[in-house]
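In this note's numbering, the protein residues as written are 1217 to 1725.
In this text, a Cβ means the ideal position worked out from N, Cα and C, and glycines have one as well.
Note that the coordinates shown come from a computational prediction; the quantities given were computed from them, not determined experimentally.
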Ligand code: BG6
């Protein structure tokens, strides 16, 4: 298929980027993996872009004993590694705003110490009571930390915010329970539940693309769309996260959050404004319209797999069960494929095929919208009894852009037609590196904008769709199907889509 490019006219560019006001950031789990990989570098990037006020401090809190100097040194090393620069601009100044405190999350005295430290640092840095508590600790500690924040009255300032990383619960009951505990200490308007997919530029672009262009909305429905595929394929495995992943699996790790949020953005009704609760109301409404899985025919709607050994990019990959710290009898799924229907006027009977998996042939996240075929081919004499469908692909990553496949005359022979692909690619057009999702989310949180954070009802609705499936799987003897690492799919996942005459798109296409 030939690809054609696009150019940027850029006449009407309207950009709004508001810098955050004074604030203090308290990170629980400050020496952990996520903080090292994402948070510190994203905050530094914001600082470099003058999007973080100089009236700022970060207080890392953790179990590990560290001095402020050591914490700053570690951070310096991480930032230099990530930015691939030996002395990035502004680093010294940024490091001088970092502090560290150690203690035991279960002890009230730790929170008293944190409170005293916040008092001192707020005064020193003029942070103005705008304190953000960021939970980047193992989820079993969430309830305890939240309760301590409440009882020590650290949560009671109206400007205080709580950021909670995923996983948010492990089923409906635990999510309800966690929300109840949080609600005792924080109002919903203070709570920021992170789904980092919502911070990706290409995911945010789904809203702009759909609702800032009048040509798509009239055809964005069951009358014109045949089916939609949502894919989040990874070639990576579980890295060093076996302890978490083996208790979680793909349904909890990717599907309940990232996949359902992408589905919601692609399928929801237009919000009345680009304002947090308007957008989030529509997301929840869409999730509530998802038809519950038919438990008695579950295998026709949702299937799970687990990677066996195989080869990816010429490298031999061990099976999931042989990964370090995974139990040899593990039934945890590393792949999910599902067929979802949305029972509303717009989408009735349009299948949404969703799949996500680890150790697949490549990394590829996309939403592909396949339009209905032309009702009649006037090009039958050229061998086109059926004209291929138009496909619109919202490429989320690693390719970041939009593709539209259409048929066109090829020059030369009188009758010659082929499928072309109109290709918009962020990197080619804007030439800049895309900001890390966390940059957007951290800045929004400091600004008090909850649009890209999942609301309590959204989390609970997502769990209510999936908890019956988890219950069936966990209470039966059935096991995930083993697929070779490096493959694209497996029979049961193929059957799910082929039963309606469709095919999975090739991963990485
Ligand atoms: C995380 C999951 O939320 O998202 C990981 O826990 C997964 O298992 C990751 O690998 C994928 O994120 P991204 O941004 O690389 O697509």
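What are the partner residues of residue i, as DSSP defines its beta bridges?
| i | result |
| --- | --- |
| residue 1570 | 1446 and 1554 |
| residue 1580 | 1449 |
| residue 1666 | For residue 1666, which the question treats as bridged, DSSP gives no partner whatsoever. |
| residue 1239 | 1272 |
| residue 1700 | 1524 |
| residue 1209 | Nothing can be reported for residue 1209: it is not among the residues displayed for the chain, which extend from 1217 to 1725. |
| residue 1317 | 1277 |
Out of curiosity, what's the CA-to-CA distance linking residue i and residue j?
| i | j | result |
| --- | --- | --- |
| residue 1261 | residue 1655 | 7 Å |
| residue 1421 | residue 1592 | 34 Å |
| residue 1675 | residue 1681 | 10 Å |
| residue 1672 | residue 1290 | 35 Å |
| residue 1586 | residue 1670 | 28 Å |
| residue 1552 | residue 1534 | 20 Å |
| residue 1601 | residue 1548 | 45 Å |
| residue 1596 | residue 1629 | 16 Å |
| residue 1431 | residue 1425 | 10 Å |
| residue 1308 | residue 1287 | 13 Å |
| residue 1569 | residue 1346 | 43 Å |
| residue 1573 | residue 1522 | 9 Å |
| residue 1405 | residue 1327 | 23 Å |
| residue 1692 | residue 1546 | 14 Å |
| residue 1428 | residue 1489 | 12 Å |
| residue 1624 | residue 1646 | 27 Å |
| residue 1285 | residue 1276 | 12 Å |
| residue 1605 | residue 1417 | 27 Å |
| residue 1249 | residue 1423 | 31 Å |
| residue 1501 | residue 1484 | 8 Å |
| residue 1492 | residue 1668 | 7 Å |
| residue 1241 | residue 1397 | 22 Å |
| residue 1300 | residue 1649 | 14 Å |
| residue 1599 | residue 1456 | 53 Å |
| residue 1584 | residue 1282 | 48 Å |
| residue 1232 | residue 1419 | 18 Å |
| residue 1603 | residue 1718 | 15 Å |
Would you say residue i and residue j are within 7 Å of each other, going by their C-beta atoms?
| i | j | result |
| --- | --- | --- |
| residue 1238 | residue 1364 | no |
| residue 1272 | residue 1337 | no |
| residue 1371 | residue 1402 | yes |
| residue 1517 | residue 1555 | yes |
| residue 1458 | residue 1543 | no |
| residue 1528 | residue 1451 | yes |
| residue 1702 | residue 1453 | no |
| residue 1479 | residue 1677 | no |
| residue 1247 | residue 1280 | yes |
| residue 1252 | residue 1294 | yes |
| residue 1355 | residue 1374 | no |
| residue 1723 | residue 1332 | no |
| residue 1473 | residue 1411 | yes |
| residue 1258 | residue 1652 | yes |
| residue 1635 | residue 1621 | yes |
| residue 1292 | residue 1311 | yes |
| residue 1639 | residue 1619 | yes |
Note down, in chain order, each residue of its chain lying with its Cβ closer than 7 Å to the Cβ of residue i, except the 5 sequence neighbours on either side.
| i | result |
| --- | --- |
| residue 1582 | 1447, 1609, 1610, 1611 and 1612 |
| residue 1614 | 1579 |
| residue 1358 | 1351, 1380 and 1394 |
| residue 1511 | 1684 and 1688 |
| residue 1567 | 1443, 1555, 1557 and 1716 |
| residue 1539 | 1453, 1454 and 1458 |
| residue 1464 | 1383 |
| residue 1163 | One cannot answer for residue 1163 here, as it falls past the ends of the chain, which runs 1217 to 1725. |
In chain order, what residues of the same chain lie with their CB nearer than 8 Å to the CB of residue i, ignoring the 5 residues before and after it?
| i | result |
| --- | --- |
| residue 1497 | 1487 |
| residue 1686 | 1387, 1467 and 1468 |
| residue 1515 | 1708 |
| residue 1571 | 1445, 1446, 1447, 1448, 1449, 1551, 1552, 1553, 1554, 1705, 1709 and 1720 |
Can you give the beta carbon distance from residue i to residue j, rounded, assuming they're within the 8 Å contact cut?
| i | j | result |
| --- | --- | --- |
| residue 1442 | residue 1505 | That belief does not hold up - the Cβ atoms of residue 1442 and residue 1505 are roughly 19 Å apart, past 8 Å. |
| residue 1377 | residue 1408 | 6 Å |
| residue 1361 | residue 1244 | 6 Å |
| residue 1435 | residue 1482 | 14 Å between Cβ atoms; not a contact. |
| residue 1267 | residue 1235 | 5 Å |
| residue 1385 | residue 1657 | No, residue 1385 and residue 1657 are not in contact; Cβ-Cβ is about 20 Å, not under 8 Å. |
| residue 1588 | residue 1440 | 6 Å |
Within its chain, find whatever has a CB closer than 6 Å to the CB of residue i; leave out the 5 residues flanking it on each side and keep chain order.
| i | result |
| --- | --- |
| residue 1709 | 1519 and 1553 |
| residue 1700 | 1524 and 1526 |
| residue 1254 | 1654 |
| residue 1562 | 1437 |
| residue 1476 | 1678 |
| residue 1641 | 1617 |
| residue 1631 | 1598 |
Would the C-beta of residue i count as close to the ligand SAH, meaning under 6 Å from any of its heavy atoms?
| i | result |
| --- | --- |
| residue 1469 | As far as ligands go, the structure on display features the ligand BG6 and does not contain the ligand SAH. |
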